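Remarks on the structure that follows.
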Amino acid sequence: MSIVLRLAWRNLWRNRRRTWLTAGAIAFSTILLVGWVPIQFGAYDIMINATLRVFPGHAQIQRPGYQDKQKIRNTINNAESLATSLRGSNPLYTGISVRAQGFVLLSSGTRSYGAQVVGVEPKHEGGTSSIPGQVKEGRYLSSIDAQEIVIGRALARNLKLKVGDEVTLLGGGKDGSVAAAILPVVGIFKSGSNDLDRFFSEIPLHTFQNIFSMGSSAHTIVIVGKSVDEQTKLISALNNAISDRSDVIVLGWEALIPGMKEAIKIDKVSGFIFLGILIAIVIFSILNTFLMSILERTREFGLMLALGSRPKRIAGLMMLESALLTMIGLVIGFVIGTALVYWAHVEGMHYPGVEELAEQFNLPDMSRIYPQMKIFNFLLGPITIFVATNIAAWIPILRIRKLEPVEAMRTI
Amino acid sequence: MKGQSLSLLTTLGWRNLWRHPRRTFVILFAIILGVWFMIISAGMMIGIVEQQLKDTIFNLTGHAQIHHKKFRDDPAIEHSMSAPSKELLAVLNSNEVKKWSSRIRLPAVVTSERESRGVTLLGIDPAREQGLSFIGKPVVAGRALESIDDKGIIIGRRMAEKLETRIGKRIVLMMQDKNNEVADRGFRIVGLYQAELEATELAYVFVGLKTAQKLLDIGNELSEISLLTDSRKDLESLVTSLRVAAPDLESMSWQELEPLVVLTMEFYEAFMIYWYFIIFAAMGIGLTNTMLMAVFERTREIGLFQALGMRPSYIVGQVLMETLILLIIGVALGNLLGWFTTDVILANGIDLSAFAKGTEQFNMSSTMMLTLRTNDLMQINILVILLGLLASLYPAIKAARYIPVEAITRT
Amino acid sequence: MSTVTLNKVCKIFGEGELAVFALRDVDLEINAGDFVCLSGPSGSGKTTLLNMIGGLDRASSGEITVNDQRVDKLNKGDLAEMRLRNIGFVFQAYNLIPVLSARENVEFVMQLQGIATEVRHQKAIDILKEVGLSGLEDRSPSELSGGQQQRVAVARALVSEPALILADEPTANLDSVTAENLMDLLRSLNDEHGITFVISTHDKLVMSHARRLLKMHDGKIVDDIQQR
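Residue numbers (numbering that gives the first Met the number 0), protein chains in the order written: chain A, 0 to 411; chain D, 0 to 410; chain S, 0 to 227.
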């Protein structure tokens with residue numbers, strides 16, 4: 000066996016330049032594949048994690064039907080006690096907070112705008128949303144019943160409000176009554192998401208419940224886990240936790256931001272198609288190498304046949320050669336590709352123009368993209384290339400079986 | 000002298016290609032596939048941005064707008080502009096401007112029996128909006144606004160769903176009027192419009208221009224004038240005329256109004272070039288390899304050329320010519336295939352309606368139209384041919400460097 | 000006036016211990032119109048000598064003059080130019096460009112020389128007639144016999160009106176009848192056109208046709224015989 004191996008190996012190096020060029024082409028495509036998938040998936044991860052982390056969270060507990068039509072009447076009773084019972088009950092949950100939401104007209108002295116107002120638990124909201132940490136002027140809300148409000152940067156600008164100014168809220172309460180209040184602006188936040196900065200404001204939960212006559216009810220409980228990868232575990236744990244209640248359901252992030260999952264799917268599918276076509280081009284590109292190398296050695300094969308070798312043996316030798324050749328390219332490509340990915344992992348990748356684009360698509364700051372390091376990602380590419388290239392190489396090899404010794408040796 | 004040799008090189012190049020038809024076909028296929036792929040990619044990426052651009056312009060932006068100097072920063076009622084002056088009207092009614100219209104555009108809150116939402120109110124002149132923006136298109140239910148005095152309101156179909164209301168019902172519009180008071184009035188929904196994106200339908204409600212002016216008590220004042228010309232390029236001279244005619248107002252082209260779309264286009268155009276290089280790298284190696292093989296197996300023949308007195312530069316030229324012919328055929332067929340794919344097979348775009356929510360996320364419509372610009376095609380073709388020639392330079396120079404006596408005696 | 004002059008020309012292959020002297024201090028003068036044969040066993044240096052004269056290879060030392068030009072001092076481009084204008088080659092085999100027809104092969108050099116289409120067309124046909132290949136102009140090399148291929152090569156060598164034609168074992172792959180015919184052709188061309196011929200061979204038939212016979216051994220010219 001090892002003799003055949005040695006023979007195959009030496010045959011490869013008879014034509015150094017061609018071997019290197021072909022291996023180079025294979026290495027090139029391997030680098031692309033090895034590098035692409037982790038980075039692409041890494042970008043998705045960032046996109047998802049970042050978006051969820053800003054406000055929606057990984058999952059929410061709500062009353063059925065609330066997600067579709069956010070009616071202020073559709074509340075969860077005793078939301079805070081439910082949240083408290085969940086907190087600390089499972090290491091999967093890293094943050095849990097209660098929220099209530101409503102639509103109001105905000106008026107400053109000279110301007111009025113429609114906006115969403117969210118009642119939050121200042122102590123816990125930081126665990127589920129990045130907004131408390133993105134207050135650029137002033138400070139975040141202090142206590143659960145303080146008479147304070149924080150608003151988004153663009154909203155503040157439209158209303159011509161500064162920290163310290165007062166803003167009037169006007170909306171409809173849970174019981175249909177008028178909900179009104181005047182609150183001082185204590186902080187202005189910039190989340191990076193256009194929607195949030197333009198249309199959102201936050202006040203303490205109890206203050207909200209007071210204004211909107213909600214009693215002790217709220218609209219959603221937000222849960223954040225360690226990472227999106229643990230989503231299934233998170234959802235089942237939550238489902239267990241609320242199994243004794245029939246009035247609420249658990250919604251995963253796919254239900255909270257349906258567009259995102261599909262957007263990612265489109266991107267993944269198109270990415271695979273694109274890469275597939277690229278690989279096909281590479282393979283056609285190097286097909287000639289395999290074709291010609293077989294053709295060139297026709298005389299040699301004729302000689303081998305005349306000396307008593309069987310066609311199968313010769314074909315087998317050729318297959319071994321092409322397998323070795325592919326391996327060389329794969330290994331080189333793999334090493335370089337992995338190195339690149341690792342470097343990107345450590346350094347993050349910077350894309351000029353991404354910040355502005357991200358803002359437009361309502362995604363928070365994504366200027367640094369970290370590739371996803373998962374074994375499957377790394378190996379999928381090389382394996383595909385190995386299989387595809389060798390199949391291409393075998394097409395000319397199979398013709399060896401039909402060779403006639405004397406004719407073969409007459410070839411120039 | 001050159002002419003003679005050129006035809007000689009061409010003859011040699013052409014006939015040499017067909018000595019090994021299978022080999023030529025294989026590399027040709029790689030080139031065709033590569034060029035086709037470049038064209039399709041360009042078509043898709045540019046198509047996406049083009050669509051966005053068109054939508055943005057049609058989405059009330061227009062080719063240019065005129066408004067109060069402070070309106071863009073702070074779109075409030077106190078930053079309304081007066082009705083157009085004589086000079087401004089002269090520019091607006093000139094040949095350069097195809098269509099124009101005045102509008103009220105201000106923030107408002109709309110309340111139905113069950114729900115409230117923040118929106119932007121558009122007070123429009125329905126007749127003039129036709130062909131200017133999407134609201135000029137027919138409505139999907141009920142009727143369109145008929146005049147600037149129309150007392151009805153048009154809202155988006157999906158907005159009606161969110162507000163849990165329908166045609167015939169009343170909704171209340173609350174706005175800040177000139178005197179800083181909250182003005183409110185009930186309107187009957189007379190029609191529902193449909194836009195490509197849900198976000199649009201939830202953002203805009205439409206009433207008659209004069210109705211809005213009366214509601215806000217601002218007489219003849221407007222929020223903006225939007226206009227359309229023949230082409231979205233070369234707007235500088237028009238914008239300058241507008242600025243001269245109305246120096247106290249701000250006139251802006253769509254590029255200034257929506258810099259993000261411009262940025263996206265530039266981003267994609269830059270990205271395309273990188274992508275072309277990657278695709279070329281994929282087929283380039285095969286090209287170099289194939290030409291290397293061709294040169295190698297013709298070593299003796301090249302030695303003969305040298306013996307007969309062919310200069311080294313001609314030998315380089317011969318190899319390059321062979322590659323050039325190959326590239327031209329490949330590029331031509333690739334272009335043909337690409338054109339066929341974009342203009343015939345995918346003439347109606349790629350249907351992504353199964354991923355509707357996803358495309359919404361990217362501000363894309365659910366049908367992806369491919370757009371090919373002459374510029375892109377030229378870029379691709381020139382790039383492939385130049386890079387292809389570059390790729391075959393190495394084999395060509397190698398051939399020229401052969402030492403005649405070695406080349407001739409090679410077995 | 001000599002067409003070709005060699006002065007103390009040496010050619011060494013390899014280095015140090017493996018050095019081989021293919022040519023040792025060769026002095027030679029060939030006059031215009033000469034019909035010279037280089038003979039000798041394998042390894043005697045006749046092919047190397049031919050290559051030196053034709054500028055296909057470079058001497059390790061010494062001076063080579065062809066038509067008053069110092070061949071050893073020319074660069075690659077100028078050497079090619081010299082070969083184009085002054086020298087014709089006939090090799091043992093693989094003389095023709097496979098993708099060109101016989102006529103196109105003959106026209107090849109004229110095309111490189113920049114001669115007008117009509118002129119070279121006619122000249123090619125005429126010269127092919129002269130070497131006895133009328134009617135075979137449009138055949139490709141693979142459709143011609145060995146002897147016919149050599150005649151096309153001769154035609155091509157002739158048509159550019161060189162000062163010198165160098166032939167390296169031109170009859171090696173031919174049967175005796177064809178070889179005889181080829182040599183007759185070459186002698187008659189020499190007589191009629193006055194072109195200098197230098198032919199390397201170890202075929203006695205060829206040697207018998209020579210007017211001047213140079214015998215070589217181990218890189219040196221050991222005998223210079225005037226025949227016929």
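From the three backbone atoms N, C-alpha and C, an ideal C-beta is built for every residue, glycine too. In this text the structure is predicted, and so the values were computed from the model without any measurement.
Local Cβ density within 10 Å of residue i, reported as buried at 16 or more and exposed below that
i: His192 (chain S); result: exposed
i: Trp99 (chain D); result: buried
i: Arg110 (chain A); result: buried
i: Ser41 (chain S); result: exposed
i: Asp137 (chain S); result: exposed
i: Tyr92 (chain A); result: buried
i: Arg400 (chain A); result: exposed
i: Met377 (chain D); result: exposed
i: Phe289 (chain A); result: buried
i: Thr116 (chain S); result: exposed
i: Ile407 (chain D); result: buried
i: Glu28 (chain S); result: exposed
Interface flag, residue i vs chain S, CB-CB below 9 Å
i: Gly329 (chain D); result: no
i: Glu296 (chain D); result: no
i: Pro394 (chain D); result: no
i: Val34 (chain D); result: no
C-beta neighbour in chain D for residue i, strict 9 Å
i: Ser366 (chain A); result: Its pLDDT being 48, under 50, Ser366 (chain A) is placed unreliably in this model, and the value from its coordinates should be taken loosely. Cβ-Cβ to chain D under 9 Å: no for Ser366 (chain A).
i: Met206 (chain S); result: no
i: Ala178 (chain A); result: no
i: Gln110 (chain S); result: yes
i: Val223 (chain A); result: no
i: Ile96 (chain S); result: yes
i: Ala79 (chain S); result: yes
Integer-rounded CB distance, given that residue j should sit under 8 Å from residue i
i: Arg239 (chain S); j: Leu132 (chain S); result: This structure cannot settle anything about residue 239 (chain S), because the visible part of chain S is limited to 0 through 227.
i: Leu6 (chain A); j: Leu316 (chain A); result: 7 Å
i: Gly87 (chain S); j: Ile164 (chain S); result: 4 Å
i: Leu351 (chain D); j: Ile265 (chain A); result: 7 Å
i: Thr341 (chain D); j: Leu371 (chain D); result: 6 Å
i: Leu277 (chain A); j: Ala281 (chain D); result: 5 Å
Pairwise C-alpha distance: residue j and residue i
i: Leu291 (chain D); j: Ile284 (chain D); result: 10 Å
i: Ser366 (chain A); j: Met46 (chain A); result: Bear in mind that the predicted position of Ser366 (chain A) carries a pLDDT of just 48, short of 50, making it unreliable; the figure below should be weighed with that in mind. Looking at the two C-alpha atoms, the distance is approximately 11 Å.
i: Arg86 (chain A); j: Phe198 (chain A); result: 30 Å
i: Phe283 (chain A); j: Ala22 (chain A); result: 14 Å
i: Glu145 (chain D); j: Pro125 (chain D); result: 6 Å
i: Met182 (chain S); j: Thr325 (chain A); result: 55 Å
i: Met309 (chain D); j: Glu346 (chain A); result: 55 Å
i: Met213 (chain A); j: Ile75 (chain A); result: 10 Å
i: Leu111 (chain S); j: Val318 (chain D); result: 16 Å
i: His216 (chain S); j: Asp190 (chain S); result: 29 Å
i: Thr410 (chain D); j: Arg297 (chain D); result: For Thr410 (chain D), the pLDDT reaches just 49, beneath the cut-off of 50, and the residue's location in the model is therefore unreliable, leaving the point undetermined.
i: Ile143 (chain A); j: Phe354 (chain D); result: 41 Å
i: Val330 (chain D); j: Ala399 (chain D); result: 27 Å
i: Ser129 (chain A); j: Val227 (chain A); result: 16 Å
i: His218 (chain A); j: Thr60 (chain D); result: 38 Å
Of the residues the options, the one placed nearest residue i, counting alpha carbons only
i: Thr239 (chain D); options: D:Leu121, D:Arg169, D:Val343, D:Leu91; result: D:Leu91
i: Val412 (chain A); options: A:Ile148, A:Tyr92, A:Arg17; result: No answer is possible for residue 412 (chain A): the residues shown for chain A start at 0 and end at 411.
i: Arg98 (chain A); options: A:Met291, A:Gln61, A:Gly328, A:Ala322; result: A:Gln61
i: Gly163 (chain A); options: A:Leu169, A:Ala145, A:Ser142, A:Val185; result: A:Val185
i: Lys177 (chain D); options: D:Ala159, D:Gly190, D:Ala211, D:Gly167; result: D:Ala211
i: Gly228 (chain S); options: S:Lys122, S:Val197, S:Val8, S:His120; result: Past the boundaries of the shown model lies residue 228 (chain S); chain S is included only from 0 to 227, so the question cannot be answered.
Neighbouring residues, chain B, relative to residue i (Cβ below 9 Å)
i: Leu83 (chain S); result: Considering every chain present, this structure includes no chain B. Its protein chains are A, D and S.
Distance cut-off 8 Å: residue i Cβ against heavy atoms of the ligand NAD
i: Ser84 (chain D); result: This structure simply doesn't include the ligand NAD, nor any ligand for that matter.
is_contact[residue i, chain A] using C-beta, thresh 9 Å
i: Glu163 (chain D); result: yes
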